[in-house]
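**Student:**
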Amino acid sequence: MIPASSRFVVVGAGMHGLSTAYHLAVELRQRGQGSGADVIVLEKSTPGAGATGIACGVVRNNYFQPAMSELMQACVEVWESDPEAYHYNPVGYIALGPQVQESDLESVFERHQRIGYDSELILGEAEVDAHMKGLFPDWRAKGVTVCLHEHQGGFAFNMEAVAGLRDKCLSEGVAIHTHTEVTGFELAADDTVTAVQTDQGRIEVGDQVVIAPGPWAQKFWAMLGLPAKIDIHTPSGDVVRDQPMWTYWNLQEGEITVDPLMFATADGSAPPVIHIDTDAPLHTDEGKLLTDELWGIYFKRDRHGVQGGASPLTVDGDVELDPYPSTTNVDDEFPDMWCAALSHSMSRFEGCRGLYKQARSGGVGSFTADNFPVFDYLKPNLYAILDSNHGYKMIGVGREVSRILLGDSAPLLTPFRFERFATGDLHPVSHSPYPWS
Ligand SMILES: Cc1cc2nc3c(=O)[nH]c(=O)nc-3n(C[C@H](O)[C@H](O)[C@H](O)COP(=O)(O)OP(=O)(O)OC[C@H]3O[C@@H](n4cnc5c(N)ncnc54)[C@H](O)[C@@H]3O)c2cc1C
0 MIPASSRFVV
10 VGAGMHGLST
20 AYHLAVELRQ
30 RGQGSGADVI
40 VLEKSTPGAG
50 ATGIACGVVR
60 NNYFQPAMSE
70 LMQACVEVWE
80 SDPEAYHYNP
90 VGYIALGPQV
100 QESDLESVFE
110 RHQRIGYDSE
120 LILGEAEVDA
130 HMKGLFPDWR
140 AKGVTVCLHE
150 HQGGFAFNME
160 AVAGLRDKCL
170 SEGVAIHTHT
180 EVTGFELAAD
190 DTVTAVQTDQ
200 GRIEVGDQVV
210 IAPGPWAQKF
220 WAMLGLPAKI
230 DIHTPSGDVV
240 RDQPMWTYWN
250 LQEGEITVDP
260 LMFATADGSA
270 PPVIHIDTDA
280 PLHTDEGKLL
290 TDELWGIYFK
300 RDRHGVQGGA
310 SPLTVDGDVE
320 LDPYPSTTNV
330 DDEFPDMWCA
340 ALSHSMSRFE
350 GCRGLYKQAR
360 SGGVGSFTAD
370 NFPVFDYLKP
380 NLYAILDSNH
390 GYKMIGVGRE
400 VSRILLGDSA
410 PLLTPFRFER
420 FATGDLHPVS
430 HSPYPWS
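The sequence shown: position 238 = 237 (numbering that gives the first Met the number 0), numbered continuously.
1) Pull up the distance between the alpha-carbon of R6 and that of M0, whole angstroms please.
2) Taking 7 Å as the threshold (C-beta atoms), are G152 and Y85 in contact?
3) Do you know how far the Cα of E105 is from the Cα of S447?
4) Which same chain residues end up closer than 7 Å to G304 when comparing Cβ atoms and leaving out the 5 residues on each side of it in sequence?
5) Please name the residue in G390, L411, A368 whose C-alpha comes closest to that of E399.
6) When you measure from the CB of A54 to every non-hydrogen atom of ligand 1, does any distance come out below 6 Å?
7) Sorry if obvious, but does the Cβ on H178 come closer than 6 Å to a heavy atom of ligand 2?
8) Just to confirm my understanding: we take S342, look at its own chain, exclude 5 residues before and 5 after, and list those with CB closer than 7 Å. What are they?
9) Under the rule that 16 or more other beta-carbon atoms within 10 Å means buried, what is T179, buried or exposed?
10) So, for V90: in the same chain, excluding its five sequence neighbours on each side, which residues have a beta-carbon less than 6 Å away from its beta-carbon?
11) Write down the C-beta distance between P432 and L293 rounded to the nearest angstrom, noting that I regard them as a contact closer than 8 Å.
12) Does the beta-carbon of D237, which I'm using as the reference point, lie nearer than 6 Å to any heavy atom of ligand 1?
13) Under 8 Å: do the stretch 229-237 and the stretch 32-39 share three or more Cβ pairs, one atom per stretch?
14) State whether the stretch 392-406 contacts the stretch 69-86, with contact taken as three or more CB pairs (one from each stretch) at a distance under 8 Å.
15) I'd like to know whether the C-beta atoms of Y116 and Q72 end up nearer to each other than 7 Å.
16) Just the Cα atoms here: how many angstroms apart are D375 and F417?
17) Between K356 and ligand 1, is there a pair consisting of the residue's CB and a ligand heavy atom that are separated by less than 6 Å?
18) For a test of the three-state rule: what should DSSP assign to F262, helix, strand or coil?
19) Taking 6 Å as the cut-off, does the CB of S310 come closer than this to any heavy atom belonging to ligand 1?
20) Cβ-heavy atom distance between M67 and ligand 1 below 6 Å?
21) Grab me the residues of D190's own chain with a C-beta within less than 7 Å of its C-beta, minus the 5 sequence neighbours each way, in chain order.
22) Report yes or no: is there a C-beta of chain D within less than 7 Å of the C-beta of D117?
23) Take V239 and list the residues in its own chain whose beta-carbon comes closer than 6 Å to its own, dropping the five residues that flank it on each side.
24) On the DSSP bridge assignment, give the partners of Y87 in chain order.
25) Go through its chain and collect everything with a Cβ distance to G200's Cβ below 7 Å, but skip five positions before and after it.
26) Which residues bound the beta strand (DSSP E) around V192?
27) Keeping to the same chain, check which residues put their C-beta closer than 8 Å to that of R139; ignore five residues upstream and five downstream.
28) Is the beta carbon of G13 sitting closer than 7 Å to the one on G49?
29) Is the beta carbon of V161 closer than 7 Å to that of P324?
30) Let's test the definition: count the other Cβ atoms within 10 Å of the Cβ of T182 and tell me whether it reaches 16, buried, or not, exposed.
31) I'd like the ranges of any beta strand (DSSP E) spanning at least 3 consecutive residues and lying wholly in the stretch 361-425.
32) Below 6 Å, is the gap between the Cβ of T422 and the nearest heavy atom of ligand 1?
33) What would DSSP say about L225, mapped onto helix, strand or coil?
34) Cutting at 8 Å between CB atoms, please list the residues of its own chain near P334, excluding the five before and the five after it.
35) Distance, Cα to Cα, F184 vs I384?
36) Alpha carbon to alpha carbon, how far is I403 from D437? Give it in angstroms, no decimals.
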């Protein structure tokens, strides 16, 4: 049974909704301003039913954008605060790239040093090769001239982390109402949200609402009467008119079923998550050329083998999100390409194409007009966490948001205000082919 009213209403039980509800409950208790009983979470399905429950779970700080990097450092702090509850594996993260990415990764590394994030930069093809062979003696990737090795970061198991956050919410007295779909908002004359409408009834809002709808962002955007197209003011003063505020990308991911322990470092340790981009020609194990243009994959050790993905595909037009992760999955070339790329990287993966499995991984993400998150008030008392699909790793955003809800400032979130599209305070763009780097 949903309550007739609640002081704080959080919509969505994914990474951001659960993290916000938990951190808000803690802040209320610690400040003597209330408790978790003042917070409810509304979830149309069950916790983790959205993008959080399908995420590869990679936690990294390879961000060219200063604001993303600083925010990520705060997020890694939260992951590291309770690795057991969050099922966080602090194995580190390695980004490898060709010459064109050297300057980007150098900038990222310099910022890591400034903000105290533990990473190491290796430059030069022979040096990178030696670093990687030290970890994986069968390393054989070509065309890689830069390596950023993050000694922090790693990955977390997606649904296990959700369970950890859910339990933290419950232990603070937060009520999570599952199978409760938000269908609309009632607004006062000053645009304040007075009630949340759901398919189980209406809930009066005592104080504030937080929406964290993941890929359903576009639906909530329309529900709030916000424009489907916007003008984007660039830092140089140009205006790009009528750009779609939201687009969908299909994240292609898969796995090979192998003994997970076959993917270990030379000393038997758990391997870091690896992301490689290179322009070396990519062939199948049988010698067929797949591409001689820039390609990239990421991969990590998983419970049942090795899991990862490649560049996402843009999706034209609208997407049916229910049931999530939607019907779109990988294109026909993905399994050949991803397995060939694994084999290109390490000889232990030679012949792995036959072990490829289209597991429950991959899915659709919702991206903003500049592919970076919008964290902002969209109504006087409605705060939106719309992460542009960056955000499994962003477990700390909820902590920042909880402070904003209680009247503090959260400078880490300031660069993500919606008004950046009107003021031209956009984030710099890197040479990476991915919309999330
Ligand atoms: C295939 C894939 C792999 C990814 N891998 C990574 C990764 O490795 N690292 C990383 O950092 N990020 C990754 N991401 C991105 C990351 O998963 C998302 O950015 C993040 O999980 C979004 O969290 P969220 O809480 O905003 O949304 P979600 O987890 O989607 O949660 C939103 C919740 O809202 C609920 N909901 C929706 N509409 C309503 C409604 N009307 N009423 C009530 N409830 C509603 C949904 O059921 C859902 O549970 C990946 C994404 C995908 C798709």
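In this text, a Cβ means the ideal position worked out from N, Cα and C, and glycines have one as well.
**Tutor:** Let's see:
1) In the sequence shown, the residue the question calls residue 6 occupies position 7. In the sequence shown, the residue the question calls residue 0 occupies position 1. Distance between the alpha carbons of R6 and M0: 17 Å.
2) By 1-based counting over the sequence shown, the position of residue 85 is 86. By 1-based counting over the sequence shown, the position of residue 152 is 153. No, the pair does not count as a contact, with Cβ atoms beyond the cut-off.
3) Outside the modelled stretch of the chain, which goes from 0 to 436, sits residue 447, for which no answer is possible.
4) By 1-based counting over the sequence shown, the position of residue 304 is 305. The residues are E254, I255, T256, V257, P259.
5) Position 400 of the sequence shown, counted from the first residue, corresponds to residue 399. Among G390, L411, A368, the Cα nearest to that of E399 belongs to L411.
6) As a working mapping, residue 54 is identified with position 55 in the sequence shown. Checking the Cβ of A54 against ligand 1 gives yes.
7) The model on display carries ligand 1 but not ligand 2.
8) Counting from 1 along the sequence shown, the entry for residue 342 is found at position 343. Excluding positions up to five away in sequence, the list reads D284, F348, E349, C351.
9) Taking the sequence shown and counting its residues from 1, the one referred to as residue 179 is at position 180. T179 comes out buried.
10) Locating residue 90 in the sequence shown gives position 91, counting from the first residue. Only G153, A269, P271 meet the Cβ criterion.
11) Residue 432 sits at position 433 when you count from the first residue of the sequence shown. Residue 293 sits at position 294 when you count from the first residue of the sequence shown. Yes, P432 and L293 are in contact; Cβ-Cβ is about 6 Å, under 8 Å.
12) Indexing the sequence shown from 1 puts residue 237 at position 238. No, since every heavy atom of ligand 1 falls outside the 6 Å radius drawn around the Cβ of D237.
13) no
14) yes
15) The residue labelled residue 116 in the question sits at position 117 within the sequence shown. The residue labelled residue 72 in the question sits at position 73 within the sequence shown. Contact flag set, yes.
16) Position 376 of the sequence shown, counted from the first residue, corresponds to residue 375. Position 418 of the sequence shown, counted from the first residue, corresponds to residue 417. Roughly 6 Å between the two C-alpha positions.
17) Indexing the sequence shown from 1 puts residue 356 at position 357. The answer is no for K356.
18) Here the question's residue 262 lines up with position 263 in the sequence shown. Here F262 sits in coil by DSSP.
19) By one-based count along the sequence shown, residue 310 stands at place 311. No, the beta carbon of S310 sits no closer than 6 Å to any heavy atom of ligand 1.
20) Here residue 67 refers to the residue found at position 68 when the sequence shown is read from its first residue. For ligand 1, not one heavy atom lies less than 6 Å from the Cβ of M67.
21) If you number the sequence shown from 1, residue 190 lands on position 191. Around D190: K378, P379.
22) No chain D appears in the structure shown, which is made up of a single protein chain.
23) Here residue 239 refers to the residue found at position 240 of the sequence shown. I231.
24) Locating residue 87 in the sequence shown gives position 88, counting from the first residue. Paired residues: A155.
25) Position 201 of the sequence shown, counted from the start, is the residue given in the question as residue 200. I1, listed in sequence order.
26) Counted from its first residue, the sequence shown places residue 192 at position 193. Segment 192-197, the beta strand (DSSP E) holding V192.
27) Here residue 139 corresponds to residue number 140 of the sequence shown, with the count starting at 1. So the qualifying residues of the chain are H343, S344, M345, S346.
28) Looking up residue 13 in the sequence shown gives position 14. Looking up residue 49 in the sequence shown gives position 50. Yes, the Cβ-Cβ distance between G13 and G49 is below 7 Å.
29) Translated into the one-based positions of the sequence shown, residue 324 becomes position 325. Translated into the one-based positions of the sequence shown, residue 161 becomes position 162. No, Cβ-Cβ distance for P324 and V161 is not below 7 Å.
30) On the sequence shown, position 183 is the one that residue 182 refers to. Exposed is the call here.
31) 362-367, 373-378, 381-385
32) Stepping through the sequence shown from its first residue, residue 422 is reached at position 423. Because no heavy atom of ligand 1 lies under 6 Å away, the Cβ of T422 does not count as near it: no.
33) Taking the sequence shown and counting its residues from 1, the one referred to as residue 225 is at position 226. The answer is coil: DSSP assigns L225 none of H, G, I, E or B.
34) Walking along the sequence shown from the start, residue 334 turns up at place 335. So the qualifying residues of the chain are G253, R352, Y355, Q357.
35) The count along the sequence shown starts at 1 and reaches residue 184 at position 185. The count along the sequence shown starts at 1 and reaches residue 384 at position 385. So the alpha carbons of these two residues sit roughly 17 Å apart.
36) Outside the shown range of the chain, which is 0 to 436, sits residue 437, and nothing can be said about it.
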